[in-house]
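Asker: Sharing a structure below in structure tokens format, with a few things to ask.
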Amino acid sequence: MKYDAVIVGSGPAGSVTAYYAAKNGANVLICERRAEVGAPVLCGEGISKQIDDFEMLRGTRRWIANNMDGAHVYSPDGTRVTLAAEKAGNETGYVIYREIFDQTLAQKAVHAGADIMMNTQVTGLLKENGKITGVKAQQFGKELTINADVVVGADGVDSKVGLWAGIPTTLKTMDLETCAQHTLSNVEVDKAYCEFYLGKQIAPGGYIWVFPKGDDIANVGIGVLASLHEAGNAKQLLDQFIDAHPNLKKGRPFRFLAGAVPVALPIESVADNLLLVGDAARHVDPITGGGLTTSLQGGQFAGETIAQAIEKKQFDRETLSVYETRWKEAFLRKLKRNYVVKEIFLDFDDKTINMLADSLKDYNFDEINTLGLVKALVSKHPTLLMKLKPLLKVSK
Ligand SMILES: Cc1cc2nc3c(=O)[nH]c(=O)nc-3n(C[C@H](O)[C@H](O)[C@H](O)COP(=O)(O)OP(=O)(O)OC[C@H]3O[C@@H](n4cnc5c(N)ncnc54)[C@H](O)[C@@H]3O)c2cc1C
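One point on numbering: in this note's numbering, the residue at position 80 of the sequence shown is 80, and numbering is uninterrupted.
Now the structure itself:
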């Protein structure tokens, strides 16, 4: 088998890369180890309405479960701060059916001319004189070799493709959120608002989310920093939270999932004959753990770069670096800033989070800018000034 590009993984990053490469003339193959695209779901299923502008999703709405007005953020003492959807980050806008979302993207890629092989686990890179020339894979016990000019690692948080290419991909426990989520039916929720619950006791280094999928059904999940809790603790903390909330406790479980999210800085994403996209490149917001919008953006840049490289018949690092330049322009600054904000928030105790929420509960977020925000916080609770100083530095 010989392709221009072989893409490892049929998540959003892989399918979008395949679509833009195929649409622009490349001969591409997606290898997916699972038996079904998008299943089992590993996601809170929240996404910003920014994706309305994304070409591949125009004209298809089947993946939308619920349309959100905004988010309520709760501090440990129950103080509520309300944000409109467009101010509430990458997870608020729609609650989606993630399996349909992923399948929509994969189908678009296939319509554009990409091939896809399911039940196909990529097991290593093919190399000739040190140069990457494709991948080794296994399908139903059969060994395969697939030659390609470019290999794309779209293989998610536990990416091996980068590692095989010699890129340091190991995540420190302080850069990894462990997540657990129940989808509960028969719950009582405000269908128009996502909810986020903060606090060192309820979710150390993370948060609990309630994302309504319909009138009485919601994803109720937790992310906790791996360095701050013991293995298995995430589900225990989540169950304790649900038990303490009668509107959720009466819920009946439809689905349970557990997974991990990188909350790290992005890594090197390009080498000779190789690109990393999506979670594999750590393109995830370190504050929220949301990676869908950046996977779509990065996938588009990767696919278009591959098509250009094929035209030029050049697959060296320098040619493929167009991809890196484009994603850096689009979202590196935000990811770096939010990484610093994550670190600052880690030092906040519950009392400080309560003070922050108290200062912000009546704030007009339409006029939001970091300086204005810090002024609003400090005018009510002057002791916050010292704690927030580092925020001013990163916002410059
Ligand atoms: C519990 C949880 C909740 C989340 N909630 C949200 C949310 O609400 N909003 C949001 O924006 N983000 C959320 N995220 C993050 C989001 O799911 C990821 O950022 C997104 O899936 C990244 O897409 P991707 O294509 O890079 O990787 P993935 O979607 O992980 O896809 C990788 C694919 O590669 C395949 N694969 C891996 N290795 C191989 C191999 N060797 N051979 C063949 N195939 C392989 C996998 O089977 C998988 O299909 C959440 C993550 C978790 C775990």
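Note that beta-carbon positions come from the ideal geometry of N, C-alpha and C, so glycine has one too.
By the DSSP assignment, the alpha helix (DSSP H) with Gly303 in it spans what residues?
Answerer: Counted from its first residue, the sequence shown places residue 303 at position 303. That run of the alpha helix (DSSP H) goes Leu292 to Lys312.
Asker: Please confirm whether Ala65 and Lys213 have their CB atoms less than 8 angstroms apart.
Answerer: Locating residue 65 in the sequence shown gives position 65, counting from the first residue. Locating residue 213 in the sequence shown gives position 213, counting from the first residue. Yes. Within cutoff.
Asker: Using CA coordinates, which residue listed in Ala22, Gly134 and Trp164 is at the minimum distance from Gly105?
Answerer: Numbered from 1 along the sequence shown, position 105 holds the residue referred to as residue 105. According to the sequence provided, residue 105 is Leu. The question's Gly does not apply to it. Checking every option, the nearest Cα to that of Leu105 belongs to Ala22.
Asker: Please name the residue, chosen from Val150, Thr120 and Glu128, that lies closest to Ala137 on a Cα-to-Cα basis.
Answerer: Your numbering for residue 137 matches position 137 in the sequence shown. Looking at the Cα atoms, Thr120 is the closest of the given residues.
Asker: For Thr79, name the three-state secondary structure that DSSP assigns.
Answerer: On the sequence shown, position 79 is the one that residue 79 refers to. Thr79 falls in the coil class under three-state DSSP.
Asker: Given the structure, does Phe204 come close to ligand 1, in the sense that its CB is under 7 angstroms from one of the ligand's heavy atoms?
Answerer: Start at 1 with the first residue of the sequence shown, and residue 204 comes out as number 204. Correcting the residue identity first, residue 204 is Pro in this sequence and not Phe. Outside the cutoff, so no.
Asker: In whole angstroms, what separates the C-alpha of Gly299 from that of Tyr19?
Answerer: Position 299 of the sequence shown holds residue 299. Position 19 of the sequence shown holds residue 19. Going by the C-alpha atoms only, they are around 9 angstroms apart.
Asker: Taking the alpha helix (DSSP H) that Gly9 falls in, what are its first and last residues?
Answerer: Position 9 of the sequence shown, counted from the first residue, corresponds to residue 9. From DSSP, Gly9 is part of no alpha helix (DSSP H); its letter is neither H nor E.
Asker: Kindly provide the ranges of any alpha helix (DSSP H) runs that are 4 or more residues long and lie completely inside the segment 175-261, ordered along the chain.
Answerer: Listed in chain order, they are 233-243 and 246-249.
Asker: Provide the residue span of the beta strand (DSSP E) that contains Ser48, from first to last.
Answerer: Against the sequence shown, residue 48 aligns to sequence position 48. Taken as a continuous stretch (DSSP letters only), the beta strand (DSSP E) holding Ser48 covers Gly46 to Ser48.
Asker: Taking the alpha carbon of Gly303 as the point to measure from, which residue in Ser15, Thr173 and Leu125 has its own alpha carbon closest?
Answerer: In the sequence shown, the residue the question calls residue 303 occupies position 303. The shortest Cα separation from Gly303 among Ser15, Thr173 and Leu125 belongs to Ser15.
Asker: Can you tell me where the beta strand (DSSP E) with Ile30 in it begins and where it stops?
Answerer: Numbered from 1 along the sequence shown, position 30 holds the residue referred to as residue 30. From DSSP, the beta strand (DSSP E) with Ile30 extends over Val28 to Cys31.
Asker: Residues in its own chain within less than 6 angstroms of Ala112 by CB, not counting five upstream and five downstream?
Answerer: Residue 112 sits at position 112 when you count from the first residue of the sequence shown. So the qualifying residues of the chain are Tyr19, Ala22 and Lys23.
Asker: Where does Asn119 fall in DSSP's three states?
Answerer: For the purposes of this step, residue 119 is taken as residue 119 along the sequence shown, with counting starting at 1. Of the three classes helix, strand and coil, the one that applies to Asn119 here is coil, per DSSP.
Asker: Just the C-alpha distance for Ala26 and Glu318, rounded to the nearest angstrom, thanks.
Answerer: By 1-based counting over the sequence shown, the position of residue 26 is 26. By 1-based counting over the sequence shown, the position of residue 318 is 318. Near 19 angstroms, if we compare the C-alpha coordinates of Glu318 and Ala26.
Asker: Judging by CA-CA distance, which residue of Arg252, Val41, Pro204 and Glu311 is the nearest neighbour of Lys342?
Answerer: Position 342 of the sequence shown, counted from the first residue, corresponds to residue 342. The shortest C-alpha separation from Lys342 is found at Pro204.
Asker: In this structure, does DSSP put Ala154 in helix, strand or coil?
Answerer: Position 154 of the sequence shown holds residue 154. In the structure shown, Ala154 sits in coil (DSSP, three-state: anything other than H, G, I, E or B).
Asker: Residue range of the alpha helix (DSSP H) that Asn24 falls in?
Answerer: Here the question's residue 24 lines up with position 24 in the sequence shown. No alpha helix (DSSP H) contains Asn24, which DSSP labels as neither H nor E.
Asker: According to DSSP, which residues form a beta bridge with His398?
Answerer: This structure does not reach residue 398, given that the chain is present from 1 up to 396, and the question cannot be answered.
Asker: Could you check which residue in Leu296, Gly78 and Val135 has the C-alpha nearest to that of Glu143?
Answerer: Locating residue 143 in the sequence shown gives position 143, counting from the first residue. Of the listed residues, the one whose Cα sits closest to Glu143 is Val135.
Asker: Taking 7 angstroms as the cut-off, is the C-beta of Asp358 nearer than that to any heavy atom in ligand 1?
Answerer: Within the sequence shown, residue 358 is the residue found at index 358, counting from 1. Asp358 Cβ: outside cutoff for every heavy atom of ligand 1.
Asker: Which term fits Lys108, buried or exposed, when burial requires 16 or more other beta carbons within 10 angstroms of its beta carbon?
Answerer: Taking the sequence shown and counting its residues from 1, the one referred to as residue 108 is at position 108. Label assigned to Lys108: buried.
Asker: Could you tell me whether the Cβ atoms of Met118 and Arg34 are closer together than 8 angstroms?
Answerer: The residue given as residue 118 occupies position 118 in the sequence shown. The residue given as residue 34 occupies position 34 in the sequence shown. Cβ atoms of Met118 and Arg34: closer than 8 angstroms.
Asker: With a cut-off of 8 angstroms, do at least 3 Cβ pairs link the segment 164-181 to the segment 258-271?
Answerer: Flag = yes, the segment 164-181 and the segment 258-271 touch.
Asker: Run through DSSP, which three-state label would Ala84 get?
Answerer: Residue 84 sits at position 84 when you count from the first residue of the sequence shown. Here Ala84 sits in strand by DSSP.
Asker: Mind checking Gly130: buried by the 16 CB within 10 Å criterion, or exposed?
Answerer: Counting from one through the sequence shown, the residue named residue 130 turns up at place 130. Looking at its Cβ environment, which holds fewer than 16 other Cβ atoms inside 10 Å, Gly130 is exposed.
Asker: Could you spell out where the beta strand (DSSP E) holding Thr133 opens and where it closes?
Answerer: Residue 133 sits at position 133 when you count from the first residue of the sequence shown. Its beta strand (DSSP E) spans residues Lys131 to Gln139.
Asker: Apply the 10 Å Cβ neighbour rule to Gly232 and answer buried if 16 or more other Cβ atoms are within range, or exposed otherwise.
Answerer: Along the sequence shown, read from residue 1 onward, the residue named residue 232 stands at position 232. Gly232 comes out exposed.
Asker: Reducing DSSP to helix, strand and coil, say where Ala165 ends up.
Answerer: In the sequence shown, counting from the first residue as 1, residue 165 sits at position 165. In the structure shown, Ala165 sits in coil (DSSP, three-state: anything other than H, G, I, E or B).
Asker: Is it right to say Arg61 is buried, meaning 16 or more other beta carbons lie within 10 angstroms of its own, or is it exposed?
Answerer: Counting from one through the sequence shown, the residue named residue 61 turns up at place 61. The residue in question, Arg61, is exposed, as its Cβ has fewer than 16 Cβ neighbours within 10 Å.
Asker: With C-beta atoms as the reference, is Thr145 less than 8 angstroms away from Leu126?
Answerer: The sequence position of residue 145 within the sequence shown is 145, counting from 1. The sequence position of residue 126 within the sequence shown is 126, counting from 1. The answer is yes: Cβ separation under 8 angstroms.
Asker: When every heavy atom of ligand 1 is checked, does at least one fall within less than 7 angstroms of the C-beta of His51?
Answerer: One-based indexing of the sequence shown puts residue 51 at position 51. The question names His, but residue 51 is Ile in the sequence shown. Checking the Cβ of Ile51 against ligand 1 gives no.
Asker: Please return the same chain residues whose Cβ sits closer than 6 angstroms to the Cβ of Leu360, not counting the five positions on each side in sequence.
Answerer: Locating residue 360 in the sequence shown gives position 360, where the first residue counts as 1. Once the five neighbours on either side are set aside, the close Cβ partners of Leu360 are Val81.
Asker: So, using beta-carbon positions, are Leu198 and Val220 closer together than 8 angstroms?
Answerer: For this step, residue 198 is matched to residue 198 along the sequence shown. For this step, residue 220 is matched to residue 220 along the sequence shown. Cβ distance not < 8 angstroms, so Leu198 and Val220 don't count as in contact.
Asker: So, Thr79 versus Asn247, is the Cβ gap smaller than 8 angstroms?
Answerer: Position 79 of the sequence shown, counted from the start, is the residue given in the question as residue 79. Position 247 of the sequence shown, counted from the start, is the residue given in the question as residue 247. Not closer than 8 angstroms, so no.
Asker: How many whole angstroms separate the CB atoms of Ala154 and Gly46, which I take to be in contact at a CB cut-off of 8 angstroms?
Answerer: Along the sequence shown, read from residue 1 onward, the residue named residue 154 stands at position 154. Along the sequence shown, read from residue 1 onward, the residue named residue 46 stands at position 46. With 8 angstroms as the limit, Ala154 and Gly46 do not qualify as a contact, their Cβ atoms being about 21 angstroms apart.
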